[in-house]
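Trainee: Counting along the sequence shown from 1, when you hit position 147 you're at 147 in full-length UniProt numbering, and nothing is skipped either side.
Glycine included, C-beta positions come from ideal geometry on N, C-alpha and C.
This structure is in structure tokens; I'll ask about it shortly.
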Amino acid sequence: MIPYGRQEIDQTDIDSVLSVLQSDFLTQGPQVPLFEKNLAEHVGARHALAVNSATSALHIACLALGLGEGDWLWTSPVTFVASANCGLYCGARVDFVDIDPRTYNLCPKALEAKLLEAERQGRLPKVLVAVHLCGQPCEMQAIHALGKRFGFRIIEDASHAVGGKYQGEFIGSGRYSDITVFSFHPVKIITTAEGGMALTNDDTLAEKMALLRSHGITRDPASMTHAADGPWYYQQIALGFNYRMTELQAALGVSQVERLDHYVAERHRLAARYDAALAELPVVTPWQHPDSYSGRHLYVIRLELERISASHRDVFEALRSRGIGVNLHYIPVHTQPYYRALGFSDGDFPQAERYYAEAISLPLFPNLSESQQDEVIRVLSEVLV
């Protein structure tokens, strides 16, 4: 089976992790701050905080921005559930904005229309999570302008997009958002096995997130309520969590960041081969916004079902049965049973639902060989005949 995505681990990665196993620190040592420093410098951010998952990063980002009971968080319906769940973890309510039919990201025009209606109803969002689906950045300049106009804060869920760029700057630089979140799950662009990171240019937000990721505990005398009892002393000054990244994970991340640009370039090369080979098939290949340089985490095609005798499910199952490990990213969040119970229903976000009815993610990862890719193309061509 050719998987839709997979990690690449080389001897450099293995040696990096092994060096930690042979060191004095398996957690809370020098590798985590080194990983944070290297990635922050790579993308041009002032602060980076490594955590044990992108979900954890989203959670502490929301809390640092003051999201709580009675507030609203808005995001895209076409994303992994964590982009919405992070709002619920804070006691906030969640709503969605339909997608742009070309980029599959949250649509700025739909966002503006929804904001105008929400302003009339007195239910504007406090936080917007802009999801860079497949690695292609949202139209952040337009979203940022709306944030200034309507008073909401912005988190970039860039779980798919580390190494990508928007308007020539690396995603994570924070020009148009308060906080950016990356994921390092094994199928993502670089991996720490499991892990995530929150990046910001705001000193106060960085301090809050650092506190929240480690039980709300500080050893900083300036943050304590009274002078330290001694050199051993610490204080819990907030209710935090155990969201720390281990040294083993960070060591792998330090090694992988060295190949980040290469990985993204390889994904672009393979995507261009798909674009050329699939041009005459009854599918829509991924459109790229001129302001973006995608991380190319996923290569999603949309079936032109009116030109195909088989159904969406038929095509998906035929590919799987012939060794092509396709997937579907994602089932719209508002159609999940948990969210239906919150009042969402079919028809709420028609562009997202149409996308779901047509989308299939093809294999794409840096060490996908051309012969493997050619096999994907051959089988897809035969299935669509």
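Go ahead and pull the three-state DSSP assignment for Gly135.
Mentor: Gly135: helix per DSSP, three-state reduction.
Trainee: By Cβ distance below 6 Å, which residues in the same chain neighbour Tyr293 in space, the five residues on each side in sequence not counted?
Mentor: Correct list, in chain order: Gly164 and Lys165.
Trainee: For the region 74 to 88 against the region 128 to 135, are there 3 or more C-beta pairs whose distance is under 8 Å?
Mentor: Touching, per the Cβ criterion.
Trainee: Looking at Leu205: is its Cβ nearer than 9 Å to the Cβ of Phe182?
Mentor: Taking 9 Å as the Cβ cut-off, Leu205 and Phe182 do not qualify as a contacting pair.
Trainee: Compare the Cα-Cα distances from Gln167 to each of Thr191, Asp202 and Gln141 and report the closest residue.
Mentor: Among Thr191, Asp202 and Gln141, the Cα nearest to that of Gln167 is on Gln141.
Trainee: Count the other CB atoms, across all protein chains shown, that sit within 10 Å of the CB of Leu364; report buried if there are 16 or more and exposed otherwise.
Mentor: So Leu364 counts as buried.
Trainee: Among Ser214, Ile237, Ala265 and Arg219, which residue has its Cα nearest to the Cα of Met245?
Mentor: Nearest option by C-alpha distance: Ser214.
Trainee: Which parts of the region 29 to 58 are runs of the alpha helix (DSSP H), unbroken and 4 residues or longer, counting only runs that do not cross its ends?
Mentor: Correct list: 31 to 43.
Trainee: Per DSSP, Thr246 is paired with what?
Mentor: According to DSSP, Thr246 bridges with Thr27.
Trainee: Could you confirm whether any beta carbon from chain B is found closer than 9 Å to the beta carbon of Val43?
Mentor: Among the chains of the structure shown, chain B does not appear; only one protein chain is present.
Trainee: Using a Cβ-Cβ cutoff of less than 6 Å, which residues in the same chain neighbour Ser159 once the five nearest sequence positions on both sides are dropped?
Mentor: Same-chain partners within the cutoff: Ala54 and Ser183.
Trainee: DSSP three-state call for Glu156: helix, strand or coil?
Mentor: If DSSP states are grouped into helix, strand and coil, Glu156 belongs with the strands.
Trainee: Return the CA-CA distance between Ser77 and Ser177, expressed in angstroms with no decimal places.
Mentor: The sequence given here places Pro at residue 77; Ser does not occur at that position. Going from the Cα of Pro77 to the Cα of Ser177 covers about 20 Å.
Trainee: When the Cα atoms are used, what is the spatial distance from Leu260 to Asp229?
Mentor: About 45 Å.
Trainee: Within the region 54 to 119, note down every full alpha helix (DSSP H) run reaching 4 residues or more, in order along the chain.
Mentor: Counting whole runs of 4 or more residues, the region 54 to 119 contains the alpha helix (DSSP H) stretches 54 to 64 and 82 to 89.
Trainee: Would you mind sorting Val385 into buried or exposed? The rule is 16 or more other CB atoms within 10 Å of its CB.
Mentor: With fewer than 16 Cβ atoms within 10 Å of its Cβ, Val385 is classed as exposed.
Trainee: Within 10 angstroms of the Cβ of Ala279, are there 16 or more other Cβ atoms? Answer buried if so, exposed if not.
Mentor: Classification for Ala279: exposed.
Trainee: Give the secondary structure of Val379 by DSSP, where H, G and I count as helix, E and B as strand, and everything else as coil.
Mentor: Helix.
Trainee: Please determine if the region 34 to 53 and the region 284 to 298 are in contact, where contact requires at least 3 C-beta pairs separated by less than 8 Å.
Mentor: The region 34 to 53 vs the region 284 to 298: no contact.
Trainee: Residue range of the alpha helix (DSSP H) that Ile14 falls in?
Mentor: From DSSP, the alpha helix (DSSP H) with Ile14 extends over Gln11 to Leu21.
Trainee: How big is the Cα-Cα spacing for Asn242 and Val257?
Mentor: Rounded to whole angstroms, Asn242 to Val257 spans 25 Å at the Cα level.
Trainee: Using only CA atoms, which one of Ala276, Glu119 and Leu58 lies nearest to Ile179?
Mentor: Among Ala276, Glu119 and Leu58, the Cα nearest to that of Ile179 is on Leu58.
Trainee: Starting from the C-beta of Ile308, find all residues in its chain whose C-beta is less than 8 Å away, skip the five residues before and the five after it, and write them out in chain order.
Mentor: Hits under 8 Å: Pro282, Val315 and Leu384.
Trainee: Near Gly5, which residues of its chain fall below 6 Å by C-beta distance, leaving aside the five closest residues on each side in sequence?
Mentor: Hits under 6 Å: Val187 and Phe365.
Trainee: According to DSSP, Lys148 sits in a beta bridge with which residue or residues?
Mentor: Lys148 is not bridged to any residue.
Trainee: Mapping the DSSP letters down to three states, classify Leu211 as helix, strand or coil.
Mentor: Residue state, collapsed to three classes: helix.
Trainee: Where does Ile179 sit, in a helix, a strand or coil, going by DSSP?
Mentor: Residue state, collapsed to three classes: strand.
Trainee: Going by beta carbon distance, what residues of the same chain come within less than 6 Å of Glu36, once the five residues before and after it are set aside?
Mentor: Counting only Cβ-Cβ distances below 6 Å, and skipping sequence neighbours, we find Ala48 and Ala50.
Trainee: Hey, out of Asp10, Ser19 and Ile2, whose CA is closest to Glu247's CA?
Mentor: It is Ser19.
Trainee: For Asn201, write down the residues that DSSP places opposite it in a beta bridge.
Mentor: Partner(s): none; Asn201 has no beta bridge.
Trainee: Can you name the start and end residues of the alpha helix (DSSP H) that Val264 belongs to?
Mentor: First-last of the alpha helix (DSSP H) with Val264: Leu260 to Ala277.
Trainee: Please list the terminal residues of the continuous alpha helix (DSSP H) segment that includes Val315.
Mentor: Residues His312 to Ser321.
Trainee: Looking at Arg102: is its Cβ nearer than 9 Å to the Cβ of His268?
Mentor: Contact: no.
Trainee: Would you report the Cα separation of Leu305 and His312, rounded to the nearest angstrom?
Mentor: Rounded to whole angstroms, Leu305 to His312 spans 7 Å at the Cα level.
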